[in-house]
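Visitor: Residue numbers for the sequence shown follow the numbering used here, so the first one is 1327 and each next one is one higher. The following block contains the structure, expressed as structure tokens.
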Amino acid sequence: MLRFLIFAISFFQLAFFAKAQESDSLKIEQKPFNQGLILSLPQAIQSQIPGLLVSRPGSNPNGNFDMIYRGYHTFKNRMQPMPMLDGMPGLAWHMVDPFLIDSIGVRRGSRLAEMGLQAAAGVFDATISSNGKEGLSVTFLQNVSMENYQRPYDNLNAQEYRNQAPPGTFFGNSDTDWLEGLTQTAWSTNTGLKLGYRTGYLNSKVILSNRNVEGIQKETGFKQLSVYGAIDYSFLKSKVKVGVSTLVVDRDSEIGNTDFFQAAVGMNPTLALDQQVSTYTGFRGNPWLRMNADQNTLASKMEMFQANITANPLPQWTIRGRLGKVGTIKGQFYFDGIIGLSSDAGTFQRNKTRKDDRTYLEFSSDYLIQTNDLTFKPGVRFTSQKISYDQSGSNLYRPYEPENTVVEQTMTPQIGKYTLNALGFFVKSNWKERLYFDFLYQPESSSNLGENAGWGQFFGLDMKYRLSPKFQVFTSYSHTGLIPDRTGLSKTILQIEPYVNFTHFANPDMKWEDTHQWEIGGSGSFFQNKLSGELRFFTSRSSDFINLMRAYDWDYTDWNSYYPFTYQNFGEIRNRGSEWVIGLNAVKIGNVFYQSSINATFIKSEWKDLDAEFTSLEGSDTGETRVPGGGPLTQYNTLRTGEPIGTGRALDYLGIDRNTGQWILKQDNNQQDWRTDYVPQGQTIPRWWMGWNHQVQWKKWHLDAFFRGVFGHVNANETNLMYGGVTFFNQNALRSFQNLKDQGLTDYNRFSSYFIEESGFISLHYLSVSRDLDFLIKNKKVSSRISLIANNLFFITSYSAADPEARLSTRPVWQFDEHIEFYDNYYSSGIDAASTWLPSRAFTLSYQVNF
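Have a look at this one:
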């Protein structure tokens, strides 16, 4: 019903006609950005670009945004699309300040194939516009934001806890609201300045952005300074144009401890904030005291520099070159106050540093051939990249014996470097400005693959036909790949410490992961451009995923129980879906103008093959093995062919036996394979999502609203599993435990379909009210605008936990606050971890001046 309603409404909505950037003969779509307290580029484009699913449950300002573009294209490789800025790859999504960026372009077809071995997950171009007018231009922005939690959990207060807790529970003498004690009203500021200067041959720009962000958990947040500069100069009667640009981002973060949000739900409310806790709480002492004793900081820096040249020796002949470098450095320091400030044994200090560098060289040349009706531009293209990384670290720990000693442990360094080289040709053409055709063929090789892998034969094509000035149809196809971001996977690796062991053996045949993508669609406008729309159907096939697997058949006996492993290629995934944008152009009613747009994406991803040469991953459990409440969360995520990726499994809940106080779960204890008892309970990956823009203008007043909708997914409510039971363990409980108690339950909670819930939602992502305040300075018009923006005013959902956002990947519980090494598992999804931060509601006062 909801899907039908959205479809019906959309036909009367505006398509907010996305601006387009010309790419020789074809165009790259440009999309608007979200407003308000927006901390990173993924958050700025969330639900604004069809096909792109962006998710970050909770409100952790240092949390990562999971991103999937048009389905699944890898197994354990990079799932996020690749961002590019000023034509440079290798930047970190979360460190690109949205204030710098004017538009985002999505690469398709031949443009996508240009990135060859790095393109399978998608490529997005971030654009910083040049100055459009002569002389000096200035933009100044000042934002002040206030943020606090919304949708808190419904816990017992201290008096209810004393009345409900079972005999033997430890009681304190206080009445503590742990949520209020561990959180704060967070204040954040963002100051931005853009300076541009343009003359006939010179175009320059400087952008500064300074962010000071607090998290709603105390002692968390980050400070980030971004400085961007660019200059372009034309000479020899504009036959030669040279340009340089640079970006420096410096960020200092206070990470905090994700467990403290779980403590806000689970801490005994009769304990005082400053009370030393000796009983088991699950948080290793009092979290309020630990918040002041622990340290978890991250210092990050990203630098980019690139120089480019474009020359026209002849009017028809163009030569382009680019040379650039991107580097990131991260250093994380963690100090455990409980161990470090006591004589307890254990690791109390961790230091990790990682450095990534990428050098990028690009050269292309093309020649324009024109006849009466045909424009034809053949060319050649060459790229070379050198990529390296260096990770090191050390730990300090206190052993059990001898007492009161501290030992420094050096971590095994991770060092690697590899190269990517590509050489190909392309053709761009159009006939009568109606039929456009682009083609690229570009073989590419990588030094971190097997020695027998050879060159990947990648290509892409685009075709567009204008049926009339208002209607066009188009199609594109690309064959691209994906490579691991590590070296040594195809070689034999011998581990020396802490004991001698072969990590894996050589596989000279290990090749890249392979992806074929195809789309077809059309766009047009109707009723004198009052109605416009765009529709795309897409499908893709990805295969040859890289994974550590059994190398060959082995005689398994009690005397020979060791399997040798190698990194191998295996499996195949199919994705298919559709994207659409539809609406009306601006409508004028009296002095009021209204326009709106709605975009939606429908998708299905499915494993078609899970077999390797000597083994298969069919039915493998990829979930996070947890044992909350005495019930393991295993078999929830498994790899299976013939069903959608992200199918969540559990034992069926049938009821509670009042005679025994036990759970009644549907399972056959006599069968040999107990895993078949875990049956599908829903899809953890959304089936479809949407974004819905509205704009209203009356004289100098503006109203902007954006609704997000994500539908068709379920979440395993781990907070209810852990704290919604009838056995308290000296921890607090959700009031929902009463439902189980009334049914006669006396047993521990066991994971089953009872704890899996439909989680689709619609939220008011932002609401902005603005007024133009134009004025004159020395007879020169200055444009300014003051805005009040609210983010996440409400959710409409049936989900009982705090945040219905889709969980696209799950980390191990011990690795949530790790920012140097990532173990995101996109095939372990739909687990709403009890330590997830609460969602937040924010209000921003913004003032912007342009002249």
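Cβ coordinates follow ideal geometry from the N, Cα and C atoms, glycine included.
Between the beta-carbon of residue 2113 and the beta-carbon of residue 2084, is there less than 9 Å?
Guide: Contact flag unset, no.
Visitor: Whole angstroms are fine: how far does the CA of residue 1672 sit from the CA of residue 1725?
Guide: Their backbone Cα atoms lie some 6 Å apart in a straight line.
Visitor: What do you get for residue 1913, buried or exposed, if any count of 16 or more other CB atoms within 10 angstroms of its CB means buried?
Guide: With fewer than 16 Cβ atoms within 10 Å of its Cβ, residue 1913 is classed as exposed.
Visitor: Thinking just about the alpha-carbon of each residue, which of 1492, 1828 and 1842 is nearest to the one in residue 1874?
Guide: The shortest Cα separation from residue 1874 among 1492, 1828 and 1842 belongs to 1828.
Visitor: Distance cutoff 9 Å, beta carbons only. Does residue 1866 sit that close to anything in chain B?
Guide: Of the protein chains in the structure, only one exists, and it is not chain B.
Visitor: Look at the alpha carbon of residue 1334 and the alpha carbon of residue 1370, and state the distance between them as a whole number of angstroms.
Guide: Its pLDDT being 42, under 50, residue 1334 is placed unreliably in this model, and the value from its coordinates should be taken loosely. Each residue's Cα considered, the two are about 27 Å apart.
Visitor: Determine whether the beta carbon atoms of residue 1567 and residue 1637 lie at a separation below 9 Å.
Guide: In this structure, residue 1637 lies closer than 9 Å to residue 1567 by Cβ.
Visitor: Note down the Cα distance separating residue 1756 from residue 1789, rounded to an integer number of angstroms.
Guide: Whole-angstrom Cα-Cα distance: 9 Å.
Visitor: What does a CB cutoff of less than 6 Å around residue 2023 pick up in its chain, not counting 5 residues either side in sequence?
Guide: Answer for residue 2023: 1919, listed in chain order.
Visitor: Quick one: what does DSSP say residue 1420 is sitting in, helix, strand or coil?
Guide: In this structure, residue 1420 counts as helix in the three-state DSSP scheme.
Visitor: Thinking C-alpha only, which one of 2074, 1394, 1400 and 1390 is nearest residue 1809?
Guide: The shortest C-alpha separation from residue 1809 is found at 1400.
Visitor: Please state the DSSP three-state secondary structure of residue 1665.
Guide: Reduced to three states, the DSSP call for residue 1665 is helix.
Visitor: I need the boundaries of the beta strand (DSSP E) containing residue 1734, first residue and last residue.
Guide: Unbroken beta strand (DSSP E) run through residue 1734: 1733–1736.
Visitor: Quick one: residues in its chain with C-beta nearer than 6 Å to the C-beta of residue 1983, no 5 flanking neighbours on either side, listed in chain order?
Guide: Answer for residue 1983: 1990, listed in chain order.
Visitor: May I have the straight-line CA-CA distance separating residue 1668 from residue 1586, to the nearest angstrom?
Guide: Distance between the alpha carbons of residue 1668 and residue 1586: 21 Å.
Visitor: On the three-state DSSP scale, how would you describe residue 1344?
Guide: Interpretation of residue 1344 is limited by its pLDDT of 34, a score under 50 that renders its predicted location unreliable; no figure is taken from the coordinates.
Visitor: For the beta strand (DSSP E) that residue 1920 lies in, which residues bound it at each end?
Guide: Counting along the chain, the beta strand (DSSP E) containing residue 1920 begins and ends at 1918–1935.
Visitor: How is residue 1954 classed by DSSP in three states: helix, strand or coil?
Guide: With a pLDDT of only 38 at residue 1954, under 50, the local geometry of the prediction cannot be trusted, and the value read off the model is given with reservation. Here residue 1954 sits in helix by DSSP.
Visitor: Report yes if the C-beta of residue 1738 is less than 8 Å from at least one heavy atom of the ligand GDP; otherwise report no.
Guide: Looking at this structure, you won't find the ligand GDP or any other ligand, since it has none at all.
Visitor: Figure out for me which residue from 1812, 1629 and 1456 has the closest Cα to the Cα of residue 1652.
Guide: Ranking the options by Cα distance to residue 1652, first place goes to 1629.
Visitor: Let me confirm a value: residue 1856 is counted as buried when at least 16 other C-beta atoms fall within 10 Å, else exposed. Which label applies?
Guide: Label assigned to residue 1856: exposed.
Visitor: So the beta strand (DSSP E) residue 1691 belongs to, where does it begin and stop?
Guide: 1672–1693 is the extent of the beta strand (DSSP E) around residue 1691.
Visitor: List the residues that DSSP assigns as beta-bridge partners of residue 2158.
Guide: In DSSP, residue 2158 forms a bridge with 2043.
Visitor: Leaving out five residues before and five after residue 1802 in sequence, what residues of the same chain have Cβ atoms less than 6 Å from its Cβ?
Guide: Excluding sequence neighbours, residue 1802 sits near 1434, 1435, 1788 and 1845.
Visitor: Please confirm whether residue 1723 and residue 1674 have their CB atoms less than 9 Å apart.
Guide: Taking 9 Å as the Cβ cut-off, residue 1723 and residue 1674 qualify as a contacting pair.
Visitor: Does the count of Cβ pairs from the segment 1487–1504 and the segment 1531–1539 closer than 8 Å reach three?
Guide: Verdict: no, contact absent.
Visitor: Measure the C-alpha to C-alpha separation of residue 2008 and residue 1974 and round it to an integer number of angstroms.
Guide: Using only the alpha carbons, I get a separation of about 6 Å.
Visitor: Leaving out five residues before and five after residue 1993 in sequence, what residues of the same chain have Cβ atoms less than 7 Å from its Cβ?
Guide: Excluding residues within five positions, the ones whose Cβ falls inside 7 Å are 1977 and 2003.
Visitor: Could you pull the start and end residues of the beta strand (DSSP E) that residue 1639 belongs to?
Guide: 1621–1640 is the span of the beta strand (DSSP E), which, as asked, contains residue 1639.
Visitor: Looking only at its chain, what residues have a beta carbon closer than 6 Å to the beta carbon of residue 1551, apart from the 5 residues adjacent to it on each side?
Guide: Result list for residue 1551: 1536 and 1576, in chain order.
Visitor: Are the Cβ atoms of residue 1505 and residue 1430 separated by less than 9 Å?
Guide: For residue 1505 and residue 1430, no; Cβs fall outside 9 Å.
Visitor: Let me make sure I understand the geometry here. Which of 2161, 2137 and 2157 has the alpha-carbon closest to that of residue 2151?
Guide: Per the Cα distances, 2137.
Visitor: Any idea which residues DSSP pairs residue 1556 with across the strands?
Guide: For residue 1556, which the question treats as bridged, DSSP gives the partners 1531 and 1571.
Visitor: Taking only three categories from DSSP, how would you classify residue 1779?
Guide: Here residue 1779 sits in coil by DSSP.
Visitor: Apart from the five residues on each side of it in sequence, which residues of its chain come closer than 8 Å, Cβ to Cβ, to residue 2079?
Guide: Same-chain partners within the cutoff: 1976, 1977, 1978, 1979 and 2007.
Visitor: Of the choices 2062, 1415 and 2054, whose alpha-carbon is the least far from that of residue 1593?
Guide: Of the candidates 2062, 1415 and 2054, the one whose C-alpha sits nearest the C-alpha of residue 1593 is 2054.
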